Each structure stands twice: as C-alpha cells, then as structure tokens.
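> Structure below; questions to follow.
Numbering (my numbering), first residue to last: 2 to 442.
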C-alpha cells in the first residue's frame with residue numbers, strides 16, 4: 002500500500018478523475034490497468050478500496066488528502082498485518098481515489114478582474130444570465146467585506162442566482178441538493194454573522210479583508226453547498242456507478258471484495274453510485290461502506306421517513322441489501338460547519354423534529370447518524386483502533402473525542418480525518434473480526 006505520487010497511479014494507488022457530468026477523464030488508461038490487475042494479477046488482488054473526497058477539493062487538495070488518508074491506513078496495516086492476514090488470508094488490497102470538481106467558488110487561477118471571476122462563477126451556476134448579478138455582488142462584497150445588512154437589490158440578486166442554479170425546494174427525502182425547504186438570503190446573512198466568530202477563529206483572521214466567506218457572499222455559499230450535493234449525485238450515479246460495476250465484473254472470478262469510503266459529499270457520490278441512476282439498476286452489493294462526516298440527510302436510508310409519507314433517497318441501499326458487510330458512519334459535535342449548512346435548509350421555518358427520537362427534519366448523517374433505520378450506537382475513544390463490527394449491521398459512531406478540531410471552517414472538524422482511530426474504523430469495517438465484541442487497544 003502506498004499513496005499516490007500526484008501523477009495518478011503507483012503500485013498500490015490509482016487516482017481516477019471525473020468531470021462535473023460524471024464523465025471519466027482517463028487519457029492514459031488507468032481504469033484499464035486496474036481491470037487488468039483484477040483479472041490477471043498473480044497473486045491476485047483480494048480487496049478494492051474506493052475513496053471519495055468531499056466539498057471544496059480541487060485535484061491538488063484531493064491528492065494531498067488521499068496521501069494523508071492512505072498513509073494513516075498504511076501505518077496501521079503494517080502494525081496489524083498479522084491480525085489482518087488471519088482475518089483475510091492472502092489479503093492484497095488495491096486502492097482507488099476519486100477526484101470530482103467540488104470546489105465551485107474557488108478563485109480561478111490567474112483571473113483577477115471581477116468580470117472574469119463572474120464569468121467563471123456563472124459557468125458554475127450553469128446559466129450565463131447569472132454573470133451580471135455576480136459582478137454586482139462581487140463588487141459590493143469588495144467594497145464592504147463585513148456587510149451587516151443586505152440591500153434589497155443584493156437580496157434579489159442572491160435569490161435569482163439560487164433559482165438559476167436549478168435547485169428546487171422539494172423537502173426532506175428529495176434528491177440531495179433539492180432536499181430543502183426554502184432559501185432566505187437575509188436570514189442566512191444574519192445567522193452567518195452570529196456564528197462568524199467561530200469561523201474566523203478557525204481561519205486565523207477577522208474576515209474584514211476579503212476573507213473567503215465575506216458576509217455578503219455567505220448566502221451564495223449556501224447555494225453552492227446545495228448545488229454541490231446535486232453534483233455529487235450526478236457524478237456518483239453516472240461515472241462512479243459504472244466504475245463500481247466494472248470493478249465487480251473484473252474481480253468476480255477472483256472473489257474480490259469492494260469497500261467504499263466517502264467523506265462529506267463523497268458520501269453522496271458513493272451512495273449514488275450504489276443506488277444507480279433513476280430508473281436504472283443498482284451497482285451493488287459491496288462489502289463495506291464507511292461514511293466519514295457524511296454531508297447527506299440523516300433520513301437518507303429511511304423508509305418511511307417518520308411523520309411523513311416519504312422515503313429516504315438512498316433507502317434502496319437498505320431495502321436491497323446493497324452493503325453486505327458493516328455500514329459505518331461517524332458523527333462529531335465539533336463539526337459545526339456541517340450543522341450550520343444543513344440548518345440553512347429551512348431559514349424561514351421553525352425547527353421541525355421527526356420521529357420518536359425527535360431528530361431534526363434537516364440534519365446531516367455527520368451530525369446525527371442514520372435516522373429512521375435500525376443502527377447500533379458506538380463510541381470511538383481516543384487511542385481506540387479496534388471495533389467489533391458485524392456484517393449486515395449499521396453503526397453510528399460518536400467520534401467527538403477523536404474529531405475535535407474546532408471552528409465553523411470546512412477545514413475544521415469537518416475535515417479532521419487523519420487519525421489512527423478513523424483508519425481503524427475503515428479497517429474494521431472492511432475486515433470485521435468474526436464473533437468478537439468491541440475491545441480497545
């Protein structure tokens with residue numbers, strides 16, 4: 002096992018890149034090389050691990066994240082090799098990292114003029130009609146980065162941009178990106194200013210000099226959050242769906258097991274890959290699924306969602322038993338970024354709780370775990386790398402003692418993943434010890 006060198010494949014890791022439509026960008030035949038290894042390598046590959054990053058990752062950031070994740074897993078693999086070889090004799094893994102464009106509002110390299118930035122962002126919105134509104138917003142944000150109020154004109158612009166992004170307000174249970182109640186730019190700005198001290202404490206500046214989340218642009222970031230949820234579904238249900246089918250076919254003769262690990266919106270990518278396109282067939286089953294601080298609705302797997310006549314968008318993963326081994330999710334009370342963005346799904350309504358446990362209508366798996374389905378509660382303690390996961394069981398693992406980096410920044414607790422304890426979760430989901438109960442190192 003070895004992390005990528007930044008050019009894509011090494012002896013143990015392959016990076017596959019997809020565009021925003023889910024089309025594989027593979028000019029140098031990386032997927033074909035993976036297929037060949039699965040069919041012909043001697044001794045054979047036994048397990049494939051597929052990783053997907055989340056929001057705000059361009060390719061260099063994705064590669065850096067995978068380097069860190071794979072290094073943490075490799076360290077633990079080397080330390081526990083005898084144990085793993087007992088659980089899975091002849092164990093030989095192959096690792097695949099996915100890259101997909103998930104950084105919608107990053108400043109385009111080399112572009113400094115407001116007009117050119119607006120043209121770039123209009124492409125993200127998906128409608129050239131957005132450009133004029135974006136120019137005015139960027140100019141207003143430049144003049145007053147610390148805006149305390151939203152003008153009527155800017156409020157109208159932000160609502161037009163949200164509409165142009167093609168996002169519906171289809172309520173809980175709808176496809177990710179459309180599973181929200183409303184969009185209130187003025188309410189978002191007010192709430193953002195309330196929580197801003199946590200954000201800027203994490204970023205190390207006060208946000209008054211063009212910080213990435215200037216007050217006036219905070220509603221635009223909420224729009225982008227929901228838009229990227231939709232993009233994750235597109236990428237997952239098309240290109241990554243086909244990837245999982247290809248891996249299963251190529252590895253069938255050797256009995257290769259497939260394990261999926263998603264972070265943030267990467268959890269949506271991989272769940273959508275298993276579910277498949279609307280009206281199509283699923284790609285599963287796979288042998289384990291680990292969702293690290295998943296940025297998908299806590300009701301995603303429920304049928305029905307309590308107190309509604311709706312089903313969760315990914316309920317097929319449970320109904321059709323598309324994960325034969327453990328399904329593991331993590332939660333952390335310190336992931337304030339995830340909690341805030343999901344709370345902004347219903348700015349005009351009071352909190353609406355559902356089910357006997359009174360969980361919020363709009364909340365994330367990374368905050369509350371899986372709701373509306375049978376799931377066992379577990380806790381990850383500092384220093385713990387062993388867990389007694391069982392095949393076919395779903396787990397909500399409270400990780401607030403491990404995922405501890407504070408701040409509203411998406412580079413805070415939401416991305417605080419490089420820990421031996423979390424590497425242990427992934428390994429134990431992939432290679433559960435038969436018949437054991439939980440024990441600690």
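The beta carbon of each residue, even a glycine, is placed where N, CA and C say it ideally should be.
Predicted model only: the values in this text are computed from it and were never measured.
Does the distance between the C-beta of residue 396 and the nearest non-hydrogen atom of the ligand NAD fall short of 7 Å?
Absence of the ligand NAD from the depicted structure is noted, as is the absence of any ligand whatsoever, leaving it without description.
> Between which two residues does the beta strand (DSSP E) containing residue 97 stretch?
Start and end: 94-100.
> By the DSSP assignment, the alpha helix (DSSP H) with residue 466 in it spans what residues?
Residue 466 lies beyond the stretch modelled for the chain, which goes from 2 to 442, so this question has no answer here.
> Shortest alpha-carbon distance to residue 478 belongs to which of 179, 277, 381 and 281?
Since the first residue of the chain shown is 2 and the last is 442, residue 478 is not available in this structure.
> My understanding is that residue 270 touches residue 241, with C-beta atoms under 8 Å, so please give their C-beta distance in whole angstroms.
Confirmed, about 6 Å.
> Please go through the same chain and pick out, in chain order, the residues whose beta-carbon is closer than 6 Å to the beta-carbon of residue 165, but skip the five residues on each side of it.
These residues qualify, in order along the chain: 126, 128 and 131.
> So who's on the other strand from residue 19, going by DSSP bridges?
According to DSSP, residue 19 bridges with 25.
> Quick one: any contact between the segment 37-46 and the segment 278-298, if contact means 3 or more CB pairs under 8 Å?
Counting Cβ pairs under 8 Å, fewer than three are found: no touch.
> Check residue 234 in the structure and name its three-state DSSP category.
Of the three classes helix, strand and coil, the one that applies to residue 234 here is helix, per DSSP.
> Which of the three DSSP states is assigned to residue 309 in this structure?
In this structure, residue 309 counts as coil in the three-state DSSP scheme.
> Nearest-angstrom Cα distance between residue 140 and residue 219?
Roughly 15 Å between the two C-alpha positions.
> For residue 312 and residue 301, I'd like the C-alpha separation in whole angstroms.
Whole-angstrom Cα-Cα distance: 8 Å.
> Specify, as a first and last residue, the run of the beta strand (DSSP E) that residue 175 falls within.
First-last for residue 175: undefined, no H or E at that position.
> Within 8 Å of any Cβ in chain C, is that where the Cβ of residue 22 sits?
Absent here is chain C; the protein component of the structure consists of one chain.
> In whole angstroms, give me the CA-to-CA distance for residue 308 and residue 173.
C-alpha separation (whole angstroms): 11 Å.
> As a quick exercise: from 405, 425 and 362, pick the residue whose alpha carbon is nearest that of residue 387.
When only C-alpha atoms are compared, the closest one is 425.
> Which residue comes first and which comes last in the beta strand (DSSP E) that contains residue 302?
From DSSP, residue 302 is part of no beta strand (DSSP E); its letter is neither H nor E.
> Could you tell me the boundaries of the alpha helix (DSSP H) in which residue 119 lies?
First-last of the alpha helix (DSSP H) with residue 119: 115-126.
> Tell me where the beta strand (DSSP E) around residue 289 begins and ends.
From DSSP, the beta strand (DSSP E) with residue 289 extends over 289-293.
> Apply the 10 Å Cβ neighbour rule to residue 177 and answer buried if 16 or more other Cβ atoms are within range, or exposed otherwise.
The residue in question, residue 177, is buried, as its Cβ has 16 or more Cβ neighbours within 10 Å.
> Within the same chain, show all residues whose beta-carbon is closer than 6 Å to that of residue 431, passing over the 5 residues directly before and after it, in chain order.
Cβ neighbours of residue 431 beyond the five flanking positions: 260 and 289.
> Please list, in chain order, all residues of the same chain as residue 316 whose beta carbon is under 7 Å from its beta carbon, the five residues on each side excluded.
So the list reads 302, 303 and 304, once near-sequence residues are dropped.
> Can you tell me the Cβ-Cβ gap for residue 366 and residue 292, rounded? I've got them flagged as a contact below 8 Å.
Indeed, because the Cβ distance is near 6 Å, the residues count as touching under 8 Å.
> Tell me, which residues are paired with residue 396 by DSSP?
Beta-bridge pairing links residue 396 to 329 and 377.
> Using the beta-carbon count (16 or more within 10 Å), is residue 230 buried or exposed?
Buried.
> Taking residue 287 as the reference, give the member of 275, 294 and 296 with the closest Cα.
Selected option, being the one with the closest Cα: 275.
> Give the straight-line distance between the Cα atoms of residue 179 and residue 364, rounded to the nearest whole angstrom.
If you take the alpha carbons of residue 179 and residue 364, they lie about 14 Å apart.
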